[in-house]
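Numbering (this note's numbering), first residue to last: 106 to 198.
Just so you know, even glycine gets a beta-carbon here, dropped at the ideal spot from N, CA and C.
From a predicted model like this one, the values you see are computed outputs, not experimental measurements.
Here's the structure, in structure tokens; my notes come after.
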């Protein structure tokens, strides 16, 4: 896992599922940080890295690959948004 603040890579446990072209995002609160990894080629599942381990996360509505995740505004009820990408060789929005 890459720590952008320290410019350092650290080896952590492997995710539960193999992925490619997935999207990811760090979700930080005052008490903890989590890494959310979603989708990828033909995948709709997500995994969350927290407390030194990977756990199952939510599912996304479609199997986008090459999408990006972005942080919502501070007062949003959502933790992240998945935007763009491809599904069955067609660009999505």
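Looking from the CA of residue 118, the closest CA among 138, 127 and 155 belongs to 155.
Between the C-alpha atoms of residue 163 and residue 151 there is a straight-line separation of about 6 Å.
Between residue 114 and residue 120, the gap from beta carbon to beta carbon reaches 9 Å or more. For residue 158, the CB contacts under 7 Å within the same chain, skipping 5 residues up- and downstream, are 118 in chain order. Within the model, the alpha-carbon separation for residue 172 versus residue 131 is close to 15 Å.
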